[in-house]
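Undergrad: Protein sequence lines correspond, in order, to chains A and B. Going by this note's numbering, the first sequence opens with residue 39, and the numbers climb by one from there. Going by this note's numbering, the second sequence opens with residue 26, and the numbers climb by one from there. Yeah, the Cβ is synthetic: ideal placement off N, Cα and C, and Gly gets one too. After the structure tokens below, expect a handful of questions from me.
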Amino acid sequence: MRPADALAFAATALRGTPLRTALMLLAMAIGVAAIILLTALGEGARRYVVGQFSRLGSHLIIVLPGRNETQGGPPPLLAETPRDLTLDDALALARLPAVQRAAPVSLGSAPVAHGGRVREVTVIGSTPAIFPVRHLKLARGRPLPTIPPDREAPMAVLGGHLAHELFGPRSALGEWVRIGDRRFRVIGVLTDQGEALGLDLGDMALIPVASAQALFDTRSLFRILIQARSRSAIPAAEAAIRATLRTRHEGEDDVTIVTQDALLGTFDRILRALTYGVAGIGAVSLAVAGILVMNIMLVSVSRRIAEIGLLKALGATRRQVLVLFLLEAALLATGGGIAGLVLARLGLWVLQRLLPAFPLAAPPWAAPAALAMALGAGLLFGLLPARRAADLDPVQALEGAH
Amino acid sequence: MIRLQGIERDFQVGRERVRALHDLDLEIPDGDYLAVMGPSGSGKSTLLNLLGLLDRPDRGRYLLDDIDTGALSEEARARLRRERIGFVFQSFHLIPRLTAAGNVELPLILAGMAPVRRRQRVAETLASLGLADRAGHRPDQLSGGQRQRVAIARAVIMRPRLLLADEPTGNLDRHAGHEVIRLLEDLNRGGITLILVTHDPELGARAGRRIQLLDGALAAPG
Ligand SMILES: Nc1ncnc2c1ncn2[C@@H]1O[C@H](COP(=O)(O)OP(=O)(O)O)[C@@H](O)[C@H]1O
Ligand SMILES: [Mg+2]
Chain A
39 MRPADALAFA ATALRGTPLR TALMLLAMAI GVAAIILLTA LGEGARRYVV GQFSRLGSHL
99 IIVLPGRNET QGGPPPLLAE TPRDLTLDDA LALARLPAVQ RAAPVSLGSA PVAHGGRVRE
159 VTVIGSTPAI FPVRHLKLAR GRPLPTIPPD REAPMAVLGG HLAHELFGPR SALGEWVRIG
219 DRRFRVIGVL TDQGEALGLD LGDMALIPVA SAQALFDTRS LFRILIQARS RSAIPAAEAA
279 IRATLRTRHE GEDDVTIVTQ DALLGTFDRI LRALTYGVAG IGAVSLAVAG ILVMNIMLVS
339 VSRRIAEIGL LKALGATRRQ VLVLFLLEAA LLATGGGIAG LVLARLGLWV LQRLLPAFPL
399 AAPPWAAPAA LAMALGAGLL FGLLPARRAA DLDPVQALEG AH
Chain B
26 MIRLQGIERD FQVGRERVRA LHDLDLEIPD GDYLAVMGPS GSGKSTLLNL LGLLDRPDRG
86 RYLLDDIDTG ALSEEARARL RRERIGFVFQ SFHLIPRLTA AGNVELPLIL AGMAPVRRRQ
146 RVAETLASLG LADRAGHRPD QLSGGQRQRV AIARAVIMRP RLLLADEPTG NLDRHAGHEV
206 IRLLEDLNRG GITLILVTHD PELGARAGRR IQLLDGALAA PG
């Protein structure tokens with residue numbers, strides 16, 4: 039038997055029972071579409087998180103006060119409270135060759151008021167360096183003034199949402215606001231950049247770091263944000279930062295250094311694993327489709343007993359009958375798989391309409407993997423009916439027609 | 026040449042063993058026209074199934090053209106069926122979704138013949154059986170007599186030496202039945218060995234030779 043003839047015969051058999059065939063195709067299509075849609079959601083989540091991290095800045099290194107236990111070494115039992123990070127630490131780090139910029143961050147919460155309106159928001163004290171380091175963009179006005187970092191100045195840059203809340207449609211530029219018990223002149227308004235890792239950039243006020251330290255009455259910094267000179271300079275920068283701070287803190291390794299790349303890598307790995315996981319869940323739906331195909335094909339074999347007997351009387355071998363029925367399963371799987379790809383396209387289009395901000399896209403391996411799994415499921419679950427057909431006794435099969 | 030020697034075939038029906046064929050010896054020369062007669066349940070179909078290699082005897086030997094068929098693998102028996110034996114059934118056994126030509130083509134497909142040669146052979150065979158204008162019709166668009174003629178075309182398209190017909194006129198009216206028998210006899214005159222199962226004495230009388238089965242044994246060798 040020629041392969042093309044075997045295929046054609048299997049195809050006519052499937053066309054002979056359009057309803058059953060459509061049902062099996064649909065089941066297969068749904069299975070394949072499920073895999074692709076689920077992996078698209080997983081991959082979308084990965085891209086979303088990666089995007090969030092990239093938005094933080096480029097070649098970013100974050101220095102936090104205190105030692106993270108997971109970095110090895112015994113936790114300090116007689117807790118010598120970690121030394122604070124100071125403005126001088128930040129200035130020292132800014133001078134390192136592998137470091138492009140360092141932005142000290144002092145952070146607190148305070149009421150911001152103008153006229154009768156008051157909003158309790160996050161207030162960040164920093165230097166102009168935070169704008170490039172953290173990819174902050176101005177809608178209007180200018181960034182924080184370039185002044186010695188230890189000098190206060192009554193100037194503030196407001197988040198877009200906060201500015202709107204306080205000033206409505208009017209321009210906030212040049213107006214005075216009260217932050218805590220101090221007055222600041224608004225010199226800039228940020229564009230709405232949405233949220234990044236929990237900090238809503240629209241709802242905050244940015245003031246010079248010395249002013250913030252005075253406002254919150256603290257010398258210590260919340261973080262130091264550092265931009266390395268390049269991606270490849272990150273490890274050198276990290277080592278230099280650690281060494282510098284150890285020297286400055288009398289030999290104590292009492293800071294935690296997080297690089298954006300390391301964080302990103304971790305989340306990337308976790309979310310990739312998640313995507314494989316949801317692909318596995320999709321594969322379950324293919325297995326369900328396979329079981330449906332098996333059942334319907336078993337019915338089909340029992341309905342076509344006389345035909346199978348005839349094929350054997352005409353000289354078909356066991357193998358040929360087996361191949362013919364397996365081909366039916368393979369055709370169903372392939373046809374259903376292709377329909378599933380179309381269905382997935384449609385589903386992705388609809389989902390994208392519903393979640394416009396979410397970067398939906400199936401990973402490149404999803405479609406071939408889903409098709410391969412469909413074919414595998416089809417052949418696996420087609421095997422039982424095909425063997426039942428191949429093993430039929432021809433005499434009894436021929437009598438089955440009566 | 027067909028030789029059956031000491032053939033036994035039993036069936037287990039519940040607790041009982043039914044003896045369908047008992048100690049059967051038979052020789053059928055090439056080109057013979059043999060009618061197998063006998064009452065219902067006498068073993069006629071069982072004999073035909075054995076001759077067609079669809080079934081195996083429990084004891085005894087079946088030599089087909091000096092090949093001892095008992096020793097053959099299932100594969101080899103399928104091959105012999107395909108190349109040397111044609112079947113015609115009482116209930117036609119046409120595949121309903123295929124056209125007349127598609128049904129007739131089936132043995133050639135199983136044999137792996139190239140499509141061009143196949144199409145030619147099908148057209149010739151259908152024409153020789155007066156079915157040229159029915160090639161594209163499906164079985165449900167054909168009369169009973171036409172269906173059986175399509176089945177005969179399918180049985181002979183591989184040019185077998187042996188044609189086995191189990192009550193081929195059983196589902197046909199008198200006129201169509203006669204037409205089918207004349208067709209089979211024409212084929213026999215062309216050299217094919219024809220074995221015809223029938224319980225119609227009038228049809229049996231036309232054969233060159235008759236055997237009568239009774240409870241699985243030869244009652245009246247012709
Ligand atoms: N598959 C089978 N299982 C059990 N008994 C069978 C089977 N095939 C035939 N028989 C029995 O064998 C005997 C001969 O049957 P069969 O050859 O079909 O007779 P005929 O064709 O002459 O009417 C009958 O008694 C029948 O019941
Ligand atoms: Mg019978």
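What residues of chain A sit near His162(B), judged by a beta carbon separation below 8 Å?
TA: By Cβ distance, chain A contributes nothing, its closest Cβ being about 16 Å from His162(B), past 8 Å.
Undergrad: Just to confirm, does Thr194(B) get its C-beta within under 7 Å of one of the non-hydrogen atoms of ligand 1?
TA: Checking every heavy atom of ligand 1 against the Cβ of Thr194(B), none is found closer than 7 Å.
Undergrad: Enumerate in chain order the residues of its own chain whose CB-to-CB distance from Leu216(B) is below 6 Å, with the five nearest sequence positions on each side excluded.
TA: Checking the sequence shown, residue 216(B) turns out to be Gly, not Leu. Within the same chain, Gly216(B) has close Cβ partners Gly56.
Undergrad: Using DSSP with H/G/I as helix, E/B as strand and the rest coil, what is Gly146(A)?
TA: Correct three-state label for Gly146(A): strand.
Undergrad: Kindly indicate which three-state DSSP category Met332(A) falls into: helix, strand or coil?
TA: The answer is helix: DSSP assigns Met332(A) an H, G or I state.
Undergrad: So with CB distances below 7 Å, who are the chain A contacts of Asp35(B)?
TA: The premise fails here: Asp35(B) is roughly 14 Å from chain A at the closest Cβ pair, so nothing lies under 7 Å.
Undergrad: Give the DSSP-derived three-state secondary structure of Thr372(A) in the structure shown.
TA: Three-state DSSP puts Thr372(A) in a helix.
Undergrad: Can you pull the chain A neighbours of Asp50(B), defined as C-beta to C-beta under 7 Å?
TA: None at all; the shortest Cβ gap to chain A is about 22 Å.
Undergrad: Look up Tyr87(B) in the DSSP assignment and give the residues it is bridged to.
TA: According to DSSP, Tyr87(B) bridges with Leu29(B).
Undergrad: Give a yes or no on whether the minimum CB-CB distance between His440(A) and chain B is below 8 Å.
TA: Low local confidence applies: a pLDDT of 40 at His440(A) is under 50, so the model's placement there is unreliable, with the coordinate-based value given in what follows. Answer yes: the Cβ-Cβ gap between His440(A) and chain B drops below 8 Å somewhere.
Undergrad: Considering Cα atoms alone, identify which of Arg102(B), Asp198(B) and Pro185(B) is closest to Gln115(B).
TA: Gln115(B) has its Cα closest to that of Asp198(B), out of Arg102(B), Asp198(B) and Pro185(B).
Undergrad: Please confirm whether Pro132(B) has its beta-carbon closer than 8 Å to some beta-carbon of chain A.
TA: Yes, Pro132(B) lies at the interface with chain A (some Cβ there is under 8 Å from its Cβ).
Undergrad: Mind checking which residues open and close the alpha helix (DSSP H) that includes Gln251(A)?
TA: Residues Val247 to Phe254.
Undergrad: Determine contact between the region 186 to 206 of chain A and the region 222 to 231 of chain A, defined as no fewer than three beta-carbon pairs at a distance below 8 Å.
TA: Touching, per the Cβ criterion.
Undergrad: Kindly examine ligand 1 and report whether one of its heavy atoms sits closer than 7 Å to the Cβ of Gln145(B).
TA: Outside the cutoff, so no.
Undergrad: Around the Cβ of Leu393(A), are there at least 16 other Cβ atoms within 10 angstroms (buried) or fewer (exposed)?
TA: Its Cβ having fewer than 16 others within 10 Å, Leu393(A) is exposed.
Undergrad: Glu366(A): buried (16+ other C-beta within 10 angstroms of its C-beta) or exposed?
TA: Buried, by the Cβ-count rule.
Undergrad: Spell out the partners DSSP gives Phe112(B) in its beta bridges.
TA: Its beta-bridge partners are Leu189(B).
Undergrad: Is Ala45(B) close to chain A? Criterion is C-beta to C-beta, closer than 8 Å.
TA: So, not an interface residue.
Undergrad: Closer than 7 Å to a non-hydrogen atom of ligand 1 - does that hold for the CB of Gln115(B)?
TA: Gln115(B) Cβ: outside cutoff for every heavy atom of ligand 1.
Undergrad: If you draw a straight line from the C-alpha of Ala67(A) to the C-alpha of Leu61(A), how long is it?
TA: Rounded to whole angstroms, Ala67(A) to Leu61(A) spans 10 Å at the Cα level.
Undergrad: On the DSSP bridge assignment, give the partners of Pro103(A) in chain order.
TA: Its beta-bridge partners are Val293(A).
Undergrad: To the nearest angstrom, how far is the alpha carbon of Ile206(B) from that of Leu97(B)?
TA: Spanning the two alpha carbons is a distance of roughly 33 Å.
Undergrad: Report yes if the C-beta of Ser338(A) is less than 7 Å from at least one heavy atom of ligand 2; otherwise report no.
TA: Every heavy atom of ligand 2 is 7 Å or more from the Cβ of Ser338(A), so no.
Undergrad: Specify the secondary structure class of Leu176(A) as computed by DSSP and reduced to three states.
TA: Residue state, collapsed to three classes: strand.
Undergrad: Chain B beta carbons: is any one of them nearer than 8 Å to that of Met39(A)?
TA: It does: the Cβ of Met39(A) has a partner Cβ on chain B nearer than 8 Å.
Undergrad: Assuming contact is defined by CB atoms lying nearer than 8 Å, are Gly212(A) and Arg223(A) in contact in what I supplied?
TA: In contact: Gly212(A) and Arg223(A) (Cβ atoms closer than 8 Å).
Undergrad: Please check if any C-beta of chain A sits within less than 8 Å of the C-beta of Gly68(B).
TA: No, no contact with chain A.
Undergrad: On the CB-based measure, 16 or more other CB atoms within 10 Å of its CB, does Gln109(A) come out buried or exposed?
TA: Reliability fails at Gln109(A), whose pLDDT of 48 lies under 50, so the model's placement of it is uncertain and the value that follows must be treated cautiously. It counts as exposed.
Undergrad: Ligand 2 heavy atoms versus the CB of Asp240(B): any closer than 7 Å?
TA: Result no, Cβ not under 7 Å from ligand 2.
Undergrad: Compare the C-beta of Phe47(A) against all C-beta atoms of chain B and say whether one is closer than 8 Å.
TA: Yes - at least one Cβ of chain B is within 8 Å of the one on Phe47(A).
Undergrad: Round the Cβ separation of Ala415(A) and Leu360(A) to the nearest angstrom and send it over; I've been treating them as touching at under 8 Å.
TA: Not confirmed; about 18 Å, so no contact.
Undergrad: May I ask which residues mark the beginning and end of the alpha helix (DSSP H) holding Met193(A)?
TA: Element bounds for Met193(A): not the alpha helix (DSSP H) but the beta strand (DSSP E), Met193 to Leu196.
Undergrad: Hey, is the region 59 to 75 of chain B in contact with the region 143 to 151 of chain B, meaning 3+ C-beta pairs nearer than 8 Å?
TA: Because the criterion of three Cβ pairs below 8 Å is not met, the region 59 to 75 of chain B and the region 143 to 151 of chain B do not touch.
Undergrad: Taking 7 Å as the cut-off, does the CB of Gly85(B) come closer than this to any heavy atom belonging to ligand 1?
TA: Checking the Cβ of Gly85(B) against ligand 1 gives no.
Undergrad: When the cut-off is 8 Å and only beta carbons count, does Glu366(A) lie next to chain B?
TA: No, its Cβ sits nowhere closer than 8 Å to a Cβ of chain B.
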